[in-house]
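Colleague:
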Amino acid sequence: MSYTGLIEVMGRVNDFLNAGSVLSWDARVMMPKGGSATRSKQLSTLAVAARNLLCSDEAKRALGGAEKDVAGKPEDSAEARMVAQVREAIDYHERIPAELLRRKTELGSEAHDVWAEARRKAEFPIFADALTQMVEINREMAQAIGYEDHPYDALMYRFEPGTTKKGLDTLFAQLREGMLPLVRAIAEADAPRSDFLYRDYPEDQQMAFALKMAEKIGYDLDRGRLDLTVHPFEVSFTRNDVRITTRVARDFMQMSLFGALHEAGHAMYEQSVDPAYTRTPLATDLISLYAVGGVSFGAHESQSRLWENHVGRSRAFWENHMDDIRAAHPGLLDDVTTEEFYRAINKSEPSFIRVEADELTYDFHVMLRCELEAKLVDGSLEVKDLPEAWNAGMKEYLGVDVPDDAKGVLQDVHWSSGQIGTFCNYTVGNIMAAQLFETATTEDSAIQAGLDAADYTPLREWLNSNVAQHGRRFTRDELLEKATGRPLDPKPYLAYLTQKYSEIYSLA
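Each residue of the sequence shown is one higher than the one before, starting from 83 at the first, in our numbering.
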């Protein structure tokens with residue numbers, strides 16, 4: 083078999099993964115509670131089928147022929163990269179027993195409902211047994227994958243290749259050094275007015291406005307939709323069907339809006355992958371077994387955080403759209419100026435919930451999760467002690483006393499599905515977003531001019547050209563090198579936060 087044969091086999095792997103994504107979306111948006119037991123079996127069947135086809139004799143024969151076919155092509159050509167990624171994925175998955183993958187997938191589906199119940203009742207013990215099993219499965223996976231320094235390195239490899247605990251510790255130390263002076267100075271400053279964010283905003287009005295703004299920045303509704311869920315997410319079933327969700331609180335209007343902008347950023351990444359890569363390894367994460375085109379979870383997060391924060395929370399955005407939000411919520415914002423609204427949505431104060439955290443305190447939520455995950459997988463922290471460790475970490479980093487498990491250790495969905503090792507992606511995404519945005523607006527004056535005039539096409543086209551169209555062809559740092567001239571660099575992010583919050587809080 084040849085290169086063409088390999089692409090055909092990988093297309094079928096992609097089909098399995100997309101079918102699983104459809105079932106996962108349905109489970110989190112539409113499925114009645116009683117469907118969870120059989121749904122877990124369906125998802126595990128598809129995941130194992132995808133893995134078995136990837137590692138089959140048919141795929142290996144095709145890979146052998148494909149490696150000969152692309153031998154003369156440049157190492158970074160699309161064809162050579164597809165073949166190399168298939169080889170890497172087969173080697174990776176053959177180290178992980180299929181039975182372990184089946185157990186993880188089944189438990190992930192079942193544990194989601196257990197987590198949801200525990201969160202609803204704010205009782206961690208309900209979820210503790212499922213999480214204990216999931217931690218043990220992840221430990222087994224780390225041992226099977228292999229690592230040099232720490233088992234957490236093996237788990238992060240699935241989501242952010244090349245990231246290590248040691249490197250993450252260094253990165254977090256740099257961020258703390260740059261952010262803590264700002265956090266302390268803001269604690270002594272006068273807080274912006276924000277009472278109007280907590281008025282009674284009807285759910286249907288919130289959803290309509292959130293969808294309008296997502297479409298405004300470029301989310302293609304001919305290939306997408308917006309729904310409600312407990313925890314916002316984006317999922318793609320190829321670039322032609324990319325769906326997003328958000329959540330609504332009647333007394334906290336900005337949650338639905340910025341949730342939708344965030345997930346729209348993810349979706350626009352998937353919708354903009356080169357159509358030629360559809361159903362190929364460059365639109366399929368063969369390591370994590372997800373049908374996604376983003377090169378890493380951090381790169382994916384860079385697009386959501388860029389559109390949510392650098393665009394959606396900018397002064398220019400609200401100078402252009404304040405009349406729109408007033409019209410969406412008649413009478414509720416008539417006493418609020420554009421400047422007051424801008425400052426309110428960027429107000430910085432410690433909070434319990436990561437997805438509601440402001441830009442300046444957000445990464446402290448990530449640091450805590452990464453530290454706890456690393457301890458869980460190396461055995462230095464037991465699951466039963468997790469709530470106490472969580473609450474102590476929140477007190478240390480943000481100075482808050484966690485009132486209950488729902489606002490604490492149970493707030494994130496990730497652990498229920500076994501995604502241990504993915505939280506680092508959020509901070510990597512924040513850093514990438516600032517790095518990309520700085521380069522884009524510096525290189526092309528039309529981008530900032532467009533943002534000032536509510537024209538988001540120049541920025542979207544720059545991101546499509548430099549990031550999205552490439553799918554998984556380049557590594558994260560290769561992508562950054564090509565787009566910005568350097569690998570991951572926290573300096574633009576720290577400069578952005580310092581400038582923004584110094585101005586908002588009138589810091590010297």
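C-beta: ideal position from N, C-alpha, C; glycine also. Here the structure is a predicted model, which is why all the values come from computation and not from measurement.
Identify whether D286 lies in helix, strand or coil by the three-state DSSP scheme.
Modeller: helix
Colleague: What are the boundary residues of the beta strand (DSSP E) that D309 is part of?
Modeller: L308 to L310
Colleague: For Y359, which residues in the same chain have their Cβ closer than 7 Å to its Cβ, ignoring the five residues on either side in sequence?
Modeller: A365, G375 and G553
Colleague: Are the segment 126-133 and the segment 391-400 touching by the rule of at least three beta carbon pairs closer than 8 Å?
Modeller: no
Colleague: Can you pull the DSSP bridge partners for S318?
Modeller: V324
Colleague: Starting from D367, follow its DSSP beta bridges and name the residues at the other end.
Modeller: Y372
Colleague: Pick helix, strand or coil for F399, following the three-state DSSP scheme.
Modeller: helix
Colleague: Using only the alpha-carbon positions, how far apart do E560 and P569 sit?
Modeller: 7 Å
Colleague: If I'm right that V355 touches R387 with Cβ under 8 Å, what's the distance once you round it to whole angstroms?
Modeller: Actually they do not touch by this definition, with Cβ atoms about 19 Å apart.
Colleague: Look at the alpha carbon of L415 and the alpha carbon of R408, and state the distance between them as a whole number of angstroms.
Modeller: 6 Å
Colleague: DSSP three-state call for Q215: helix, strand or coil?
Modeller: DSSP places Q215 in helix when its eight states are reduced to three.
Colleague: What residues in its chain sit with their C-beta under 8 Å from that of A535, if we drop five residues either side in the sequence?
Modeller: N402
Colleague: So, using beta-carbon positions, are M216 and G500 closer together than 7 Å?
Modeller: Between M216 and G500, the C-beta gap is smaller than 7 Å, which places the two residues in contact.
Colleague: Taking only three categories from DSSP, how would you classify F519?
Modeller: helix
Colleague: Taking DSSP as the reference, what is the three-state secondary structure of G244?
Modeller: coil
Colleague: What does a CB cutoff of less than 7 Å around Y301 pick up in its chain, not counting 5 residues either side in sequence?
Modeller: Excluding residues within five positions, the ones whose Cβ falls inside 7 Å are A346, A349 and M350.
Colleague: Three or more C-beta pairs closer than 8 Å, one from the segment 512-530 and one from the segment 538-550: is that the case here?
Modeller: yes
Colleague: For a minimum of 4 consecutive residues, which ranges assigned as the alpha helix (DSSP H) are wholly contained in the segment 532-558?
Modeller: 539-548
Colleague: Can you name, in chain order, every residue of its own chain whose Cβ lies under 6 Å from the Cβ of R451, other than the five neighbours on each side?
Modeller: F505
Colleague: Indicate whether E270 and H344 have their beta-carbon atoms separated by less than 7 Å.
Modeller: no
Colleague: If we count the other Cβ atoms within 10 Å of its Cβ and call it buried at 16 or more, is M514 buried or exposed?
Modeller: Taking a 10 Å sphere around the C-beta of M514, we find 16 or more other C-beta atoms and assign the residue as buried.
Colleague: Just reading off the alpha helix (DSSP H) that L130 is part of, what are its end residues?
Modeller: For clarity, residue 130 is Val in the given sequence; the question names Leu instead. V130 -> alpha helix (DSSP H) spans S118 to L136.
Colleague: Only counting the same chain, and skipping five residues up and downstream in sequence, which positions put a Cβ closer than 8 Å to that of F434?
Modeller: Sequence-distant partners of F434 (beyond 5 residues in either direction) whose C-beta falls short of 8 Å from its own C-beta, in its chain, are M476, V482, V484, P485, K489, G490 and Q493.
Colleague: Measuring CB to CB, does L357 end up less than 7 Å from M164?
Modeller: First, the residue type needs correcting, since residue 357 is Pro and not Leu in the sequence shown. Their beta carbons are not under 7 Å apart, which means P357 does not touch M164 by this criterion.
Colleague: Hey, could you find the ends of the alpha helix (DSSP H) G147 is sitting in?
Modeller: D139 to D151
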